[in-house]
Amino acid sequence: MTTISWDDFEKVELRVGRIVRVEPFPKARKPAYILHVDFGDAIGIKKSSAQITGLYSPESLVGKQVVAVVNFPKKQIGPLMSECLVTGFPNEDGDVALCVPDRLVPLGAKLM
């Protein structure tokens, strides 16, 4: 494991957003959705590709708060320009469980 400094950690903008729309992503190499995540007025809505189809249906995702990195450069994923990285952890089967706050918090709130 590589050790980072506190200054390195402070550069990562981990923010809370709410999934407002989910689309299928049939052109992805691995099964994925396109998530539209609202981070509030200061950041706005950003798109992300998420390989979370094993544990979530599109209907179960809309309205869910998630934790995402919002200050990475945009990344081309097939035909999609991903604007943030929604975080999660793989389970024993390799399916990704989303990293979510356990209480409602304001959109755009920064991880502390």
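Quick note on the UniProt record's numbering: the sequence shown kicks off at 1 and runs consecutively.
Where a beta carbon is used, it is the ideal one built from N, C-alpha and C, also for glycine.
Any idea which residues DSSP pairs residue i with across the strands?
i      : result
LEU35  : VAL22, SER48
LEU14  : VAL69
VAL96  : PRO90
LEU111 : None, per the DSSP bridge assignment.
Take residue i and list the residues in its own chain whose beta-carbon comes closer than 7 Å to its own, dropping the five residues that flank it on each side.
i      : result
ALA50  : ALA32, TYR33, LEU35, VAL86
LEU111 : LEU14, VAL67
GLY78  : LYS27, ALA28
By the DSSP assignment, the alpha helix (DSSP H) with residue i in it spans what residues?
i     : result
PHE89 : Note, PHE89: premise wrong, no alpha helix (DSSP H); beta strand (DSSP E) at 88-90.
SER60 : 58-61
Provide the residue span of the beta strand (DSSP E) that contains residue i, from first to last.
i     : result
LYS75 : 75-77
LEU80 : 80-82
When the Cα of residue i is compared with those of the options, which residue comes out closest?
i      : options                    : result
GLN76  : PHE9, LYS27, ALA42         : LYS27
VAL20  : GLU10, MET1, LYS46         : LYS46
PHE72  : SER5, ASP38, SER48         : SER48
CYS99  : PRO90, LEU107, PRO106      : PRO90
GLU59  : VAL12, VAL69, PRO24, VAL70 : PRO24
ALA97  : GLU10, GLY44, THR53        : THR53
VAL70  : MET1, PHE39, PRO106, LYS64 : PHE39
VAL105 : ILE4, ARG18, SER5, PHE9    : ARG18
ILE43  : GLU83, THR2, PRO101, ASP7  : GLU83
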